[in-house]
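Peer 1: The numbering used here puts the first residue of the sequence shown at 120, with every later residue one more than the last.
Glycine included, every Cβ here is placed at the ideal spot set by N, Cα and C.
Pasting in a structure now, in structure tokens, and then I'll have a few things to ask.
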Amino acid sequence: MERHEEIKKGAWIGIFGNAVLAVLKILVGLLTGSYAILADGIDTSTDIFTSFVILLSSRISGKPPDETHPYGHERAETIASKIISFVMFYAGASLLVESVKRLVKQEFSLELTLTAFIVVGISVAGKTFLFLYKLSLGKRLNSPATISDALNMRNDIMISATVLAGMVAMKTFGWWWLDSLLAIFVSIMILRTSFSVFYEAAYELMDGMKRTELDMYDDIFAVLERFPNVHNPHRVRIRKVGTRHFIEMDIEVDGKMSVKDAHELTVKIRKEMLKRRDDIEDVTIHVEPLGNVEEEGFGLKKGEKK
């Protein structure tokens with residue numbers, strides 16, 4: 120099964136599972152008057168939207184490079200993550216405002232039934248399954264949008280579990296004000312996740328590389344060391360586009376080397392790098408005469424990685 124087809128399958132599973140849970144929790148929240156359960160249900164309903172966004176983005180990201188997108192379309196998934204963060208922020212902020220208003224006005228009118236406890240318990244179990252499935256799928260396919268969706272579901276587990284514990288406390292001790300406090304907690308968790316997802320998406324759109332990905336520079340220099348004719352590799356830059364990386368670098372060779380020999384050397388280097396790592400899509404090498412001195416832009420030399 121192709122990558123985008125697996126992402127599509129995962130998104131549909133998420134849509135179905137979240138739709139069932141969202142309907143149950145929103146209905147129970149409305150019937151019992153619990154803002155905490157209602158907030159949990161609204162949070163789950165936003166997950167349905169995010170799954171549809173992932174579906175659309177996976178369809179776009181699966182398209183091959185063309186004249187208007189020479190680096191491909193995989194950043195569609197990163198853009199999808201950013202859209203997801205906006206939706207999550209709106210949902211969290213709206214719930215926070217309404218919950219604070221209710222707490223200040225002390226409007227507590229709840230009727231927690233056995234059905235309410237069962238529904239929230241099912242939510243915890245269902246979200247745990249979806250989280251583990253989506254996280255495994257996202258890591259295996261290196262899909263930022265799917266991983267973002269999984270992390271959101273991890274928070275959903277904490278939210279539903281906290282709501283369930285709060286319901287027990289409300290039923291046992293009569294602390295009905297706790298419902299509004301739990302709704303505020305749910306809202307803050309949603310906002311926190313939205314900021315995290317937004318940061319990750321913005322970082323990738325700005326061509327940022329995580330510390331855990333910087334070992335690619337070591338692999339690049341290790342390959343170059345196998346070619347004795349290559350001197351002073353510098354201005355090494357890596358651009359990440361979705362799951363693929365594009366490498367650019369400058370190297371120096373003997374000034375008397377022919378253009379033909381220099382070209383053959385760069386072809387060999389490129390083949391070795393593509394062989395060493397399957398996440399490298401292309402390598403662009405600029406050849407300079409040995410000892411060349413000129414003002415150049417940013418890039419790394421060997422040993423400069425921090």
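Going along the chain, which residues of its own chain have a beta-carbon closer than 7 angstroms to the beta-carbon of residue 260, five neighbours each way excluded?
Peer 2: For the purposes of this step, residue 260 is taken as the residue at position 141 of the sequence shown. When the five nearest sequence neighbours on each side are left out, the beta carbons in the same chain lying within less than 7 angstroms of the beta carbon of residue 260 are those of 122, 125, 126, in order along the chain.
Peer 1: Under DSSP, the alpha helix (DSSP H) around residue 298 begins and ends at which residues?
Peer 2: Stepping through the sequence shown from its first residue, residue 298 is reached at position 179. Taken as a continuous stretch (DSSP letters only), the alpha helix (DSSP H) holding residue 298 covers 297 to 324.
Peer 1: I need the boundaries of the alpha helix (DSSP H) containing residue 391, first residue and last residue.
Peer 2: By one-based count along the sequence shown, residue 391 stands at place 272. Per DSSP, residue 391 belongs to the alpha helix (DSSP H) from 378 to 395.
Peer 1: Ends of the alpha helix (DSSP H) at residue 166?
Peer 2: Translated into the one-based positions of the sequence shown, residue 166 becomes position 47. Unbroken alpha helix (DSSP H) run through residue 166: 154 to 180.
Peer 1: Considering only DSSP beta bridges, list what residue 356 is partnered with.
Peer 2: What you label residue 356 is simply residue 237 of the sequence shown in a count that begins at 1. Paired residue(s): 367.
Peer 1: What first and last residue would you give for the beta strand (DSSP E) that runs through residue 185?
Peer 2: Translated into the one-based positions of the sequence shown, residue 185 becomes position 66. Taken as a continuous stretch (DSSP letters only), residue 185 belongs to no beta strand (DSSP E), as it is neither H nor E.
Peer 1: For residue 408, which three-state DSSP category applies?
Peer 2: The sequence position of residue 408 within the sequence shown is 289, counting from 1. Residue state, collapsed to three classes: strand.
Peer 1: State the CB to CB distance for the pair residue 267 and residue 193, rounded to an integer number of angstroms; the pair is presumed to be in contact (CB under 8 angstroms).
Peer 2: Walking along the sequence shown from the start, residue 267 turns up at place 148. Walking along the sequence shown from the start, residue 193 turns up at place 74. With a Cβ gap of about 15 angstroms, residue 267 and residue 193 do not count as contacting.
Peer 1: In or out: residue 390 buried (at least 16 other Cβ within 10 Å) or exposed?
Peer 2: If you number the sequence shown from 1, residue 390 lands on position 271. The residue is exposed, with fewer than 16 neighbouring Cβ atoms inside 10 Å.
Peer 1: Starting from residue 190, follow the alpha helix (DSSP H) in both directions and report where the run begins and ends.
Peer 2: In the sequence shown, counting from the first residue as 1, residue 190 sits at position 71. Looking at the DSSP string, residue 190 is not in any alpha helix (DSSP H), and its letter there is neither H nor E.
Peer 1: Between which two residues does the alpha helix (DSSP H) harbouring residue 345 extend?
Peer 2: Taking the first residue of the sequence shown as 1, we reach residue 345 at position 226. No alpha helix (DSSP H) holds residue 345; DSSP gives it neither H nor E.
Peer 1: Identify, in the order they occur along the chain, each residue of the same chain with its Cβ nearer than 8 angstroms to the Cβ of residue 212, setting aside the five sequence neighbours on each side.
Peer 2: For the purposes of this step, residue 212 is taken as residue 93 along the sequence shown, with counting starting at 1. Same-chain partners within the cutoff: 306, 310.
Peer 1: Quick check: the Cα distance between residue 397 and residue 298, rounded to an integer number of angstroms?
Peer 2: The sequence position of residue 397 within the sequence shown is 278, counting from 1. The sequence position of residue 298 within the sequence shown is 179, counting from 1. Taking the straight line joining both Cα atoms gives about 51 angstroms.
Peer 1: When the distance is taken between beta carbons, is residue 325 closer than 8 angstroms to residue 357?
Peer 2: As a first step, residue 357 must be located in the sequence shown, where it is residue number 238. As a first step, residue 325 must be located in the sequence shown, where it is residue number 206. Not a contact, by the Cβ cut-off of 8 angstroms.
Peer 1: Using 10 angstroms around the beta-carbon of residue 137, count the other beta-carbons present and answer buried if the total reaches 16, otherwise exposed.
Peer 2: Here residue 137 refers to the residue found at position 18 of the sequence shown. Buried, since its Cβ has 16 or more Cβ neighbours within 10 Å.
Peer 1: Please report the distance separating the alpha-carbon of residue 269 from that of residue 146.
Peer 2: If you number the sequence shown from 1, residue 269 lands on position 150. If you number the sequence shown from 1, residue 146 lands on position 27. Answer to the nearest angstrom: the Cα atoms are 25 angstroms apart.
Peer 1: DSSP three-state call for residue 231: helix, strand or coil?
Peer 2: If you number the sequence shown from 1, residue 231 lands on position 112. Residue 231: coil per DSSP, three-state reduction.
Peer 1: What are the partner residues of residue 350, as DSSP defines its beta bridges?
Peer 2: The sequence position of residue 350 within the sequence shown is 231, counting from 1. In DSSP, residue 350 forms a bridge with 371.
Peer 1: Could you pull out every residue in the same chain whose Cβ sits closer than 8 angstroms to the Cβ of residue 132, ignoring the five residues on either side in sequence?
Peer 2: Locating residue 132 in the sequence shown gives position 13, counting from the first residue. Here the set comprises 249, 252.
Peer 1: With a threshold of 8 angstroms between beta carbons, is residue 196 in contact with chain C?
Peer 2: No chain C appears in this structure, which consists of one protein chain only.
Peer 1: State buried or exposed for residue 237, treating a residue as buried only when at least 16 other CB atoms are found within 10 Å of its CB.
Peer 2: One-based indexing of the sequence shown puts residue 237 at position 118. That one is exposed.
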